[in-house]
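Protein chains in written order, with the working numbering: chain A, 1 to 164; chain B, 1 to 430.
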């Protein structure tokens, strides 16, 4: 499997739920950029779906909205392979989302070899509302972060394999 | 034991929404057991008023991430009742198939990732996966089989967008449906193994005698159709639902409590469905129930994990049967003529009867909406179970008792977010 053509970008979130849309908007943006060797998909935040979607992929970038009491629009890069992703991952019937997928994947040996979460800090999740201006303004920066990450991974992959 | 003792769980885990549990013990006697719900009310019905009937399935689907099909099905059937719409057999079948997907998805999540850790003594599914990865893998794969049916028929897994009054915006081809068969055949076998596994687990002793209420039709295990019946002789059409089941506010819950007119609690959901429809299970599901010795008189709520497993098996069987006989309808949706009217419907959500009632004006605008979700109906039964479970176990170590009570609540897979649909607001002005 050639890692140069095996990066999957997964956008998570819900439309019409304010800043929760940002993962989907970012996935749309990356799809429009038609980056060579990068597949883009998006969906709601369901652990079973996430685990199945990234199965067999060498490199996966998940984009999602994040809440951590930082200023709205703050960009996050999290490397879940470095350690526990979030405490208390499986809280509710409907809440088995990304954190549960990461922790279940870790236990089941179903994590990609490279995995990063790129998040944008959100604040408003009201039903029927649109993304806040701060989050929308942060989109280009997040897209650049993703492109830089892909370059970084490809550089690492090149260093890993002998040149022909 | 003298004095007063309060046992409390401030935040219930592995249920949807915000709830707590309190037991009050005085002089060694259990004097109160309360399931406290403090999830903010969501005012679904007010949201629907003034909207066009065609929006009802999509708006109500947003109420719940795990049972959106139930909301869509109750919404379309109630609106069709108001408008006098009759759908064709293929549409009826596709709706049932979509519902099978939701039952498989929802029950698999509960059986494997929420209920199994309880029974096996693990903190959560992640801890369980460290010791029994096969069980977790089976649950995740079963859930995905349900998701795939939802995606194909509903347009996406969560909050489907392909359901409309009269039918669907687009119906699948035979080839598209056939592509689900291999997954469903695997799922049917996995569900059978799950029934055998679940039946072999050890459960606390608890016998409950609440009235059991479910839909029932002559020919099939209920999803979308049937009369509302009980094991105490009730048999009504959905239009009489509000006469027989009363919702009222209690001080400790932002979700209305439902009761029978004489004040008694009652039970909806898999236990009630199974009790009242056992003989209409698919042959394989019925044989599995026979094999593990589970009869219609099973009254221990902890056995709900076995019954959910049997219902997964039934849903897989039913789905395969429908796919095999599928002939696409001539039109994806029946023709709808707008008129003023009142409509009612009950369908069987994974957690039990979900009632919708709409009044439409002559333009098809919703003037009045009423939704009664299953968790709202089961709150009293849950509290009755808590009393029955805790009263003879007060000498238990407090942690153990607390854990047992939490499990008693999780037997119902309660969806608190669905239940908090209304709050009676009174303003006292002096």
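Glycine is no exception: its CB is placed at the ideal position from the N, C-alpha and C atoms.
Buried or exposed for residue i, going by 16 or more other Cβ atoms inside 10 Å?
{"i": "residue 306 (chain B)", "result": "buried"}
{"i": "residue 219 (chain B)", "result": "exposed"}
{"i": "residue 69 (chain A)", "result": "exposed"}
{"i": "residue 130 (chain B)", "result": "exposed"}
{"i": "residue 106 (chain B)", "result": "buried"}
{"i": "residue 29 (chain B)", "result": "exposed"}
{"i": "residue 80 (chain B)", "result": "buried"}
{"i": "residue 177 (chain B)", "result": "buried"}
{"i": "residue 426 (chain B)", "result": "Here the model assigns residue 426 (chain B) a pLDDT of 33, short of 50, so the residue's position is not dependable, and the following value carries that caveat. It counts as exposed."}
{"i": "residue 52 (chain B)", "result": "exposed"}
{"i": "residue 109 (chain B)", "result": "buried"}
{"i": "residue 289 (chain B)", "result": "buried"}
{"i": "residue 392 (chain B)", "result": "exposed"}
{"i": "residue 60 (chain B)", "result": "buried"}
{"i": "residue 85 (chain A)", "result": "buried"}
{"i": "residue 330 (chain B)", "result": "exposed"}
{"i": "residue 348 (chain B)", "result": "buried"}
{"i": "residue 432 (chain B)", "result": "Residue 432 (chain B) is absent from the model: chain B starts at 1 and stops at 430."}
Could you give the residue range of the beta strand (DSSP E) that holds residue i?
{"i": "residue 211 (chain B)", "result": "211–216"}
{"i": "residue 316 (chain B)", "result": "Element bounds for residue 316 (chain B): not the beta strand (DSSP E) but the alpha helix (DSSP H), 304–324."}
{"i": "residue 334 (chain B)", "result": "From DSSP, residue 334 (chain B) is part of no beta strand (DSSP E); its letter is neither H nor E."}
{"i": "residue 365 (chain B)", "result": "Here residue 365 (chain B) belongs to no beta strand (DSSP E), and DSSP marks it neither H nor E."}
{"i": "residue 405 (chain B)", "result": "Note, residue 405 (chain B): premise wrong, no beta strand (DSSP E); alpha helix (DSSP H) at 398–410."}
{"i": "residue 375 (chain B)", "result": "Residue 375 (chain B) -> not in any beta strand (DSSP E); alpha helix (DSSP H) instead, spanning 374–390."}
{"i": "residue 61 (chain B)", "result": "Element bounds for residue 61 (chain B): not the beta strand (DSSP E) but the alpha helix (DSSP H), 56–61."}
{"i": "residue 360 (chain B)", "result": "352–360"}
Mind checking which residues open and close the alpha helix (DSSP H) that includes residue i?
{"i": "residue 76 (chain A)", "result": "Per DSSP, residue 76 (chain A) belongs to no alpha helix (DSSP H); it is in the beta strand (DSSP E), 75–78."}
{"i": "residue 151 (chain B)", "result": "133–154"}
{"i": "residue 26 (chain B)", "result": "From DSSP, residue 26 (chain B) is part of no alpha helix (DSSP H) but of the beta strand (DSSP E) over 19–26."}
{"i": "residue 105 (chain A)", "result": "98–108"}
{"i": "residue 50 (chain A)", "result": "47–54"}
{"i": "residue 48 (chain B)", "result": "44–48"}
Spatial neighbours of residue i within its chain, please: C-beta separation below 6 Å, excluding the five flanking residues on both sides.
{"i": "residue 274 (chain B)", "result": "307"}
{"i": "residue 194 (chain B)", "result": "309"}
{"i": "residue 69 (chain B)", "result": "98, 99 and 102"}
{"i": "residue 66 (chain A)", "result": "76, 119 and 121"}
{"i": "residue 225 (chain B)", "result": "217"}
{"i": "residue 338 (chain B)", "result": "364"}
{"i": "residue 76 (chain B)", "result": "57 and 165"}
{"i": "residue 163 (chain B)", "result": "57 and 72"}
{"i": "residue 367 (chain B)", "result": "359 and 361"}
{"i": "residue 235 (chain B)", "result": "227 and 229"}
{"i": "residue 312 (chain B)", "result": "104, 107 and 191"}
Using the three-state DSSP reduction, which class does residue i fall into: helix, strand or coil?
{"i": "residue 72 (chain A)", "result": "coil"}
{"i": "residue 33 (chain A)", "result": "coil"}
{"i": "residue 433 (chain B)", "result": "A question about residue 433 (chain B) goes unanswered here, because the residues of chain B that appear run from 1 up to 430."}
{"i": "residue 112 (chain B)", "result": "helix"}
{"i": "residue 33 (chain B)", "result": "strand"}
{"i": "residue 281 (chain B)", "result": "coil"}
{"i": "residue 184 (chain B)", "result": "helix"}
{"i": "residue 64 (chain A)", "result": "strand"}
{"i": "residue 77 (chain B)", "result": "helix"}
{"i": "residue 414 (chain B)", "result": "coil"}
{"i": "residue 253 (chain B)", "result": "strand"}
{"i": "residue 232 (chain B)", "result": "coil"}
{"i": "residue 441 (chain B)", "result": "No answer is possible for residue 441 (chain B): it lies beyond the span of chain B, which begins at 1 and ends at 430."}
{"i": "residue 245 (chain B)", "result": "coil"}
{"i": "residue 127 (chain A)", "result": "coil"}
{"i": "residue 5 (chain B)", "result": "strand"}
{"i": "residue 67 (chain B)", "result": "coil"}
{"i": "residue 201 (chain B)", "result": "coil"}
{"i": "residue 161 (chain B)", "result": "coil"}
{"i": "residue 340 (chain B)", "result": "coil"}
{"i": "residue 221 (chain B)", "result": "coil"}
{"i": "residue 88 (chain A)", "result": "Because the pLDDT of residue 88 (chain A) is 48, which lies under 50, any placement of that residue in the model is unreliable, and the number read from its coordinates should be weighed accordingly. Reduced to three states, the DSSP call for residue 88 (chain A) is coil."}
{"i": "residue 40 (chain A)", "result": "strand"}
Note down, in chain order, each residue of its chain lying with its Cβ closer than 8 Å to the Cβ of residue i, except the 5 sequence neighbours on either side.
{"i": "residue 190 (chain B)", "result": "138, 141 and 142"}
{"i": "residue 384 (chain B)", "result": "208, 210 and 265"}
{"i": "residue 87 (chain A)", "result": "Caution is warranted here: a pLDDT of 49 is assigned to residue 87 (chain A), below 50, making its placement in the model unreliable, and no coordinate value can be reported."}
{"i": "residue 389 (chain B)", "result": "204, 206, 404, 405 and 408"}
Less than 7 Å between C-beta atoms, sequence neighbours within five positions excluded: which residues of the same chain meet that for residue i?
{"i": "residue 110 (chain A)", "result": "51 and 55"}
| Between the stretch 145–156 of chain A and the stretch 128–136 of chain A, are three or more C-beta pairs nearer than 8 Å? | With fewer than three CB-CB distances shorter than 8 Å, the stretch 145–156 of chain A does not count as touching the stretch 128–136 of chain A.
| task | Decide yes or no for the touch test of the stretch 51–67 of chain A against the stretch 5–19 of chain A: beta carbon pairs closer than 8 Å, at least 3 of them. | result | When Cβ pairs closer than 8 Å are counted between the two stretches, the stretch 51–67 of chain A is seen to touch the stretch 5–19 of chain A, the count reaching three or more.
| message | Check whether the stretch 194–203 of chain B and the stretch 242–260 of chain B touch, using three or more Cβ-Cβ pairs below 8 Å as the test. | response | The answer is no - the stretch 242–260 of chain B does not touch the stretch 194–203 of chain B, with fewer than three Cβ pairs under 8 Å.
| Would you call the stretch 315–326 of chain B and the stretch 277–285 of chain B in contact, with 3 or more CB pairs under 8 Å? | Yes, since at least three Cβ pairs between the stretch 315–326 of chain B and the stretch 277–285 of chain B fall closer than 8 Å, the two stretches touch.
| query | Within the chosen definition, does the stretch 367–385 of chain B reach the stretch 345–356 of chain B through at least 3 CB pairs nearer than 8 Å? | reply | The stretch 367–385 of chain B is in contact with the stretch 345–356 of chain B.
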